[in-house]
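To start, the structure under review is shown below, and the notes come after it.
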Amino acid sequence: MLRRWLLRSGIPLSAYLGVPLGRAAKLLRDSQKWTSKEMKFHQERSLSVLMRHCYDHVPYYRDLMGARDLRPEDFRSINDLAKLPYLTRETMREQGARLRADNYPDKICQFRRSGGTTGEPIKIAVDDRGRAFEVAAYLRGFEWMNYQLGNPMVGLFGGSLRKKGKPNLRDKIRDLLLNERFLPAFELNQENVNFYVDTIRDARGGVLVGYASAMMNLVEYMSRSGLQGSPLKSVICTADQLPDEWRKRISQVLDAPVFCYYGCGEVNSIAYECSNVNGYIVSEEFVILEVAMAEGSTKFQDQGRGPACVTTLFNYAMPLIRYLNGDVLELARSHCESRRLKISKLEGRVPDQLIATDGHTVTGIVASGNVFATEVPIWKYQLVQVERDKIIFHYLLSGDNILTPLMRDTLTTVLRRYLGEDMKIYFELGNFEVPPSGKHRLVINRSQSKG
Numbered sequence: 004m005l006r007r008w009l010l011r012s013g014i015p016l017s018a019y020l021g022v023p024l025g026r027a028a029k030l031l032r033d034s035q036k037w038t039s040k041e042m043k044f045h046q047e048r049s050l051s052v053l054m055r056h057c058y059d060h061v062p063y064y065r066d067l068m069g070a071r072d073l074r075p076e077d078f079r080s081i082n083d084l085a086k087l088p089y090l091t092r093e094t095m096r097e098q099g100a101r102l103r104a105d106n107y108p109d110k111i112c113q114f115r116r117s118g119g120t121t122g123e124p125i126k127i128a129v130d131d132r133g134r135a136f137e138v139a140a141y142l143r144g145f146e147w148m149n150y151q152l153g154n155p156m157v158g159l160f161g162g163s164l165r166k167k168g169k170p171n172l173r174d175k176i177r178d179l180l181l182n183e184r185f186l187p188a189f190e191l192n193q194e195n196v197n198f199y200v201d202t203i204r205d206a207r208g209g210v211l212v213g214y215a216s217a218m219m220n221l222v223e224y225m226s227r228s229g230l231q232g233s234p235l236k237s238v239i240c241t242a243d244q245l246p247d248e249w250r251k252r253i254s255q256v257l258d259a260p261v262f263c264y265y266g267c268g269e270v271n272s273i274a275y276e277c278s279n280v281n282g283y284i285v286s287e288e289f290v291i292l293e294v295a296m297a298e299g300s301t302k303f304q305d306q307g308r309g310p311a312c313v314t315t316l317f318n319y320a321m322p323l324i325r326y327l328n329g330d331v332l333e334l335a336r337s338h339c340e341s342r343r344l345k346i347s348k349l350e351g352r353v354p355d356q357l358i359a360t361d362g363h364t365v366t367g368i369v370a371s372g373n374v375f376a377t378e379v380p381i382w383k384y385q386l387v388q389v390e391r392d393k394i395i396f397h398y399l400l401s402g403d404n405i406l407t408p409l410m411r412d413t414l415t416t417v418l419r420r421y422l423g424e425d426m427k428i429y430f431e432l433g434n435f436e437v438p439p440s441g442k443h444r445l446v447i448n449r450s451q452s453k454g
């Protein structure tokens, strides 16, 4: 079989994935046997090198350290991170160019736009080494969740069944090697659920990966149609929090264990569940994860509950140090011998479901994948469904832009494509609804409480 030959050919996996995995993959493989002392030594050595790079090549951090009378050699311990303030999304938006390293030009970086569940897009630059650690952690995490490279994988994410541009040779080899199939989460409904189930059945012995809310929609449609799942090694959820009731229901209908993994648009592959630890094991080899304290605190806290604070150790193109990504979590140490850091509880990421005018549910993440794709200069938005056929689109535009009639029509067309042509869309500048947690909610559904 060609896939088996490719895996055994001796050709580096990096050649297929376009990422230099060698060093990162070996380090993440070896580190599974490290003691907590060895992990701490690795983190502190990596942090020391990173801070020297930031001081020499990243204007934002050089000025920040200078203003606080700090030098790279002042960062000898992880606890020394508390000498720097938290990095907020607002600061990233304002200082984006100054967060870029002057020795990493655009041509050797990959760019991605972060929006995710918070609805506030930020442009991120990632270098090859940073991407390598993310991909290596992804492959290792999926091994923990019963996936082996080359086994079938079905993705239930955003996008469309409609064909896109013609893939190049490397894309074709990559798809063959990874054995991936794709199902668009936003087009799932009661009428086409049989097609989705047939595709999943063809991936017998593989894994199903996708949005937690989309998985829940799938199993509900399957139950209504009397459809049964086929043997899968596991179901792997991401993008939104998985309530215990959802986990139990998905596992029951799809007849497979359910796992989750955690990352954000700015930093992928932060943590992964596995069968022998209750919680998400943090990828400490390339991120330092802490719980944010009150502003002005000089204490580093890697246990307890609070806002998530992430430091990336190997993305030199655009280092993120003490970045507040908008999530709330609880950190603890695992009881295994290595005492790995784990996320024992992840909060603040459960999106409401939108209800189409014909009554079917649409995952709340539908907005993120399609609103930004219109290239309307949206800075921040929130969808509030107040009636079955009425949605209020709260928004802020970037810069001095104003919402033109053409922009309104474009956004309305995109939303009606998934929610029904008779859905009424009303636009309101600002006036966002803020929950007690303070975390921006992308979708709020009031029509459910009225029914």
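All residue numbers for the sequence shown refer to this note's numbering, where the first residue is 4 and numbers rise by one.
Cβ coordinates follow ideal geometry from the N, Cα and C atoms, glycine included.
Proximity winner among the options, relative to residue i (alpha-carbon distances)
i                : options                           : result
arginine 391     : Thr407, Gly362 and Leu406         : Gly362
lysine 302       : Gly69, Gln193 and Ser80           : Ser80
glycine 144      : Cys240, Lys126 and Arg74          : Cys240
asparagine 404   : Leu211, Asn192 and Leu432         : Leu432
aspartate 425    : Leu235, Arg55, Val222 and Thr360  : Thr360
phenylalanine 78 : Gly307, Met54, Glu93 and Asp59    : Met54
glutamate 146    : Tyr89, His60 and Arg32            : Arg32
alanine 27       : Ala140, Ile428 and Thr366         : Ala140
serine 450       : Gln388, Leu399, Thr407 and Lys427 : Gln388
tyrosine 150     : Arg420, Arg65, Phe262 and Lys383  : Phe262
glutamine 306    : Trp37, Phe44, Ala85 and Ser347    : Ser347
glutamate 287    : Ala242, Ser337, Glu76 and Met148  : Ser337
cysteine 339     : Leu180, Val200, Gly282 and Arg308 : Gly282
9 Å Cβ cutoff met for residue i and residue j
i              : j                 : result
valine 196     : methionine 218    : no
proline 62     : aspartate 105     : yes
arginine 227   : threonine 202     : no
histidine 397  : glutamate 333     : no
tyrosine 319   : valine 270        : no
serine 34      : leucine 316       : no
cysteine 312   : valine 294        : yes
asparagine 192 : glycine 153       : no
leucine 235    : alanine 215       : no
glycine 266    : arginine 92       : no
tyrosine 429   : leucine 357       : no
leucine 406    : lysine 383        : no
asparagine 373 : phenylalanine 189 : yes
alanine 148    : serine 237        : Checking the sequence, you will find methionine at residue 148 rather than alanine. Yes.
Backbone CA spacing between residue i and residue j [nearest angstrom]
i              : j                 : result
arginine 74    : glutamine 244     : 40 Å
threonine 413  : alanine 100       : 30 Å
valine 157     : arginine 343      : 30 Å
cysteine 112   : valine 138        : 15 Å
isoleucine 394 : glycine 423       : 12 Å
serine 278     : threonine 416     : 44 Å
glycine 268    : alanine 274       : 14 Å
proline 310    : isoleucine 125    : 19 Å
methionine 68  : leucine 186       : 47 Å
isoleucine 447 : phenylalanine 289 : 35 Å
arginine 134   : lysine 110        : 15 Å
asparagine 82  : histidine 56      : 19 Å
isoleucine 464 : arginine 204      : For the chain, the structure presents residues 4 to 454; residue 464 sits outside this window and is missing.
tyrosine 172   : arginine 250      : According to the sequence shown, residue 172 is leucine rather than tyrosine. Near 38 Å, if we compare the C-alpha coordinates of arginine 250 and leucine 172.
alanine 85     : valine 331        : 19 Å
glycine 229    : alanine 206       : 20 Å
aspartate 247  : valine 52         : 41 Å
leucine 418    : glutamate 194     : 20 Å
methionine 42  : leucine 24        : 20 Å
asparagine 434 : lysine 427        : 19 Å
leucine 9      : leucine 180       : Note that leucine 9 scores a pLDDT of 45, beneath 50, so its modelled location is shaky; the value from the coordinates is reported in the next line. The straight-line gap from Cα to Cα measures roughly 7 Å.
lysine 29      : alanine 242       : 28 Å
alanine 128    : glutamine 231     : 43 Å
arginine 308   : threonine 314     : 17 Å
glutamate 76   : alanine 70        : 16 Å
glutamine 98   : glutamate 378     : 22 Å
lysine 345     : lysine 40         : 16 Å
leucine 349    : tyrosine 264      : 11 Å
Beta-carbon proximity list for residue i, same chain, < 8 Å, skipping 5 on both sides
i             : result
glycine 402   : Pro380
tryptophan 37 : His45 and Ser341
proline 108   : none
CB-CB length for residue i against residue j, believed under 8 Å
i                 : j            : result
methionine 321    : leucine 102  : 5 Å
leucine 159       : glycine 213  : 3 Å
valine 459        : valine 222   : Absent from the model: residue 459. The displayed extent of the chain is 4 to 454, so no value can be given.
phenylalanine 375 : arginine 116 : 7 Å
Cutoff 7 Å; reference residue i; Cβ partners in own chain excluding five residues on either side
i             : result
leucine 87    : Leu67, Ile324 and Arg325
glutamine 304 : Glu293, Val294 and Met296
tyrosine 199  : Leu186, Leu191 and Leu221
Test: residue i CB closer than 9 Å to a CB of chain C
i            : result
arginine 101 : Any reference to chain C falls outside this structure, which holds one protein chain only.
Cβ neighbours of residue i in the same chain (closer than 6 Å, five flanking residues each side left out)
i                 : result
histidine 60      : Ala104, Asp105 and Asn106
tyrosine 64       : Cys57
phenylalanine 136 : Ala27, Phe289 and Phe317
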